[in-house]
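The sequence shown maps to residues 1 to 522 in the UniProt record's numbering.
Backbone N, C-alpha and C fix where the C-beta goes; we use that ideal spot for every residue, glycine too.
Computed from a predicted model, the values in this text were never measured in an experiment.
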Amino acid sequence: MTVLSLVYDARWVVLGLLALVYLGKRLMLYRRLSHFKGPFSSGWSELYHIKTILSLDFNETYTTLCETYGSIVRVGPNDLLTSSPELLSHINSPRAGYVRSEWYHGGIRFKKGEDHVMSLLDDGAHTRQRARLAAGYSGKENLELESSIDQTVGELVHLIRTKYLSDPTTSQSRPFDLAQKINFFTLDTISLISYGESFGDLRTDSDVGSFMAASKLGLLINTTCIALRLWPIIQHPWINRFLAPSEKDAVGMGRLISNARTIIEARFAEDQGDVLTGSKTDMIASFARHGLTKEEIVRESLLQIVAGSDTTSAALTTIMLFLLTHPPVYAKLQAEVDSVVVDSDTNSSGTGIIPTSQAKNLPYLQAVIKEGTRIHPPVAIQATKCVPPQGDTVTVDGNQVFLPGGTNISVATWPLHFRPDVFSPDPKVFRPERWLAEKDSQKLTKMHQVYDLTFGGGKFQCLGKKIAGMELEKVLFELIHNFDWSLMRPQKPWKETNYVGMMIHQDMWVLATDRTAGKKGY
């Protein structure tokens with residue numbers, strides 16, 4: 001009782017000492033990054049960063065922060081945000097020693113111990129996995145890549161033509177959500193490329209298996225877990241078994257996992273269990289040839305479905321919105337599209353869809369794609385990187401600054417592309433001509449270098465860049481060639497949500513009228 005009495009009598013002293021220790025640690029943490037400006041509370045607490053991410057529109061907040069505080073901003077006790085192209089290029093350099101941050105990447109794995117190429121933290125393992133996946137993504141071992149995209153582009157045009165055409169001469173209006181149809185297209189495309197068969201969203205005009213709904217719910221849960229640092233708890237085996245999607249589920253991510261496993265198991269069973277000798281040339285075959293196990297292919301294909309469909313869908317939807325709200329740009333692109341005679345000899349699918357070889361040579365189409373993805377990037381923040389343990393001295397806007405080891409650095413892609421020193425004099429204006437009219441070769445090179453950072457760089461470059469480019473070119477060309485467009489609700493053209501940097505759109509209601517009645521191939 002005497003000891004307990006002494007402790008009780010000294011309780012305020014003990015509490016005071018604990019408070020001093022806590023404050024001392026917080027002060028040390030604050031001082032580590034005190035030479036970087038930012039909201040005052042961000043140096044002491046995670047609350048500012050958490051609140052910003054959970055707002056689901058932090059792209060606007062991050063743009064304001066960079067405009068207020070400069071190219072590198074403190075957003076948390078151990079978190080920096082940058083819009084510096086020089087710093088980002090340095091981070092992407094293989095010899096710089098930056099690695100993926102556990103804070104972000106640990107939260108995007110599907111289950112603890114079951115990583116995919118986006119969640120791997122070990123730099124060597126990540127490099128090796130990228131090397132095994134590269135041939136499948138590039139099309140070198142996926143000979144049906146372009147014809148697969150042509151197939152789903154044709155199905156998108158066919159759906160609009162047969163079900164959603166409006167006729168102004170008869171006052172027959174058939175509004176539809178273009179964001180939804182584009183999402184159907186990207187899901188069908190990536191599933192066809194990944195598995196050799198599409199989900200069938202375009203053919204049925206529905207979210208088959210509720211994958212879109214499951215993806216949005218998953219992104220919301222993922223955003224909350226990353227913002228609140230809950231993912232170590234959620235991914236604990238005892239908890240994960242109750243919260244994770246089940247392959248017994250009738251719809252959603254569980255069904256997607258089950259379908260993927262069934263398809264991949266069947267493929268491995270071909271040719272006496274050797275998928276390497278099969279006649280298929282899709283991604284599954286490429287991944288298997290490069291040594292991925294069945295479980296690894298399941299995880300990588302799921303990543304493709306979630307990440308590959310939403311990012312391309314966001315880019316396509318955004319570019320269409322900017323075209324519909326900028327009539328001179330729309331008219332100029334339409335004139336270029338109408339001047340093209342599709343070269344059937346170079347079209348591998350026989351559908352009449354413009355081949356990539358031709359689309360690449362349409363300067364204004366390419367300028368529209370660059371400008372649309374520059375001014376409204378489909379990913380609002382690039383995956384967080386971690387400073388090497390020894391720290392690093394870097395150049396930001398001509399000044400030498402020291403980054404303490406272990407600091408998390410996120411790249412805000414919106415303010416990165418609003419820099420007046422790169423895209424002056426009007427960086428926030430949608431003007432595709434900037435890519436064609438610039439006479440200063442050095443400035444144009446700089447513009448392209450910063451634009452390319454949208455897709456990462458070096459060891460962090462997006463593997464799906466080529467596939468996304470083909471989808472953008474073909475869909476935009478065919479939508480402008482086949483239809484005239486207008487927004488049904490220009491006062492509220494869409495609903496946009498930012499899930500940890502992933503831009504998701506819905507309710508983009510439009511009207512489409514036919515320009516090419518009786519066009520062959522549809």
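Which residue marks the beginning of the alpha helix (DSSP H) containing Asp-421, and which one marks its end?
420-423
Spatial neighbours of Lys-332 in its chain, beta-carbon cut-off 7 Å, leaving aside the 5 residues before and after:
Tyr-364
What does the Cβ neighbour count give for Ala-260, buried or exposed, with the cut at 16 atoms within 10 Å?
buried
Write down the C-beta distance between Ser-166 and Thr-513 rounded to the nearest angstrom, noting that I regard them as a contact closer than 8 Å.
5 Å
Who are the near neighbours of Glu-300 in its chain, counting only those whose CB is closer than 6 Å to its CB and skipping five residues on each side?
His-116
Within 8 Å of any Cβ in chain D, is that where the Cβ of Ala-437 sits?
The structure shown contains no chain D; it holds only a single protein chain.
Cβ distance (whole Å) where Tyr-499 is taken to contact Asn-222 below 8 Å
7 Å
Across which residues does DSSP place Tyr-499 in a beta bridge pair?
Met-502
Beta strand (DSSP E) containing Asp-392: first to last residue?
392-396
Beta-carbon spacing of Val-411, Ile-375 below 8 Å:
no
Buried or exposed: which applies to Pro-85, given that a residue is buried once 16 or more other Cβ atoms fall within 10 Å of its Cβ?
buried
Between the CA atoms of Leu-453 and Lys-443 - distance to the nearest angstrom:
16 Å
To which residues of the same chain is Phe-110 closer than 6 Å at the C-beta, ignoring the five residues directly before and after it?
none
Where the alpha helix (DSSP H) containing Leu-403 begins and where it ends:
Looking at the DSSP string, Leu-403 is not in any alpha helix (DSSP H); the run it does join, the beta strand (DSSP E), is 399-403.
For Phe-430, which of Ala-19, Thr-373 and Leu-17 has the nearest alpha-carbon?
Thr-373
If you drop the 5 nearest sequence neighbours on each side, which residues of the same chain put their C-beta closer than 6 Å to that of Ala-468?
Thr-312
For Gly-405, is the beta carbon positioned less than 7 Å from some heavy atom of the ligand ADP?
Looking for the ligand ADP in the displayed structure turns up nothing, as the structure carries no ligands at all.
Closest by C-alpha distance to Ile-182, when choosing among Val-387, Asp-310, Leu-511 and Phe-36:
Asp-310
Counting Cβ pairs closer than 8 Å, one from the stretch 334-344 and one from the stretch 418-437, do we hit at least three?
no
Whole-Å CB distance - Phe-423 paired with Met-447, under 8 Å assumed:
6 Å
Assuming Phe-199 contacts Phe-211 (C-beta within less than 8 Å), just tell me the rounded distance between them.
7 Å
Inspect the beta-carbon positions of Leu-56 and Thr-497 and report whether they are closer than 8 Å.
yes
Which word fits Asn-59, buried or exposed, when buried means at least 16 other C-beta atoms lie within 10 angstroms of its C-beta?
buried
I think Asn-408 touches Asn-78, with their Cβ atoms under 8 Å apart; what is that distance to the nearest whole Å?
6 Å
Looking only at its own chain, which residues have a Cβ that is under 6 Å from the Cβ of Gly-501, when we skip the five neighbours before and after it?
Val-379, Ala-380 and Ile-381
Hey, how far is the Cα of Thr-224 from the Cα of Leu-192?
31 Å
Where Asp-150 sits in the DSSP three-state scheme:
helix
Our contact map puts Tyr-195 next to Ile-263 with C-beta atoms below 8 Å; I'd like the distance itself, whole angstroms only.
5 Å
8 Å contact criterion, which Gly-43 and Val-73 should meet: CB distance rounded
Not quite, the Cβ-Cβ distance comes to about 11 Å (not below 8 Å), so this is no contact.
Grab the span of the beta strand (DSSP E) containing Ala-512 for me, first residue to last.
509-514
Straight-line gap, Leu-187 to Ile-305 (C-alpha atoms, nearest Å):
7 Å
Is it the case that the stretch 458-468 contacts the stretch 132-145, given that we only count it when at least three CB pairs across the two stretches are under 8 Å?
yes
Alpha carbon to alpha carbon, what distance is there between Glu-371 and Thr-169?
35 Å
Would you mind reading off the limits of the alpha helix (DSSP H) that contains Gly-76?
Per DSSP, Gly-76 belongs to no alpha helix (DSSP H); it is in the beta strand (DSSP E), 72-76.
To the nearest angstrom, how far is the alpha carbon of Glu-478 from that of Leu-321?
16 Å
Closest Cα partner of Asp-484 within the set Asp-397, Asp-338 and Glu-471
Asp-338
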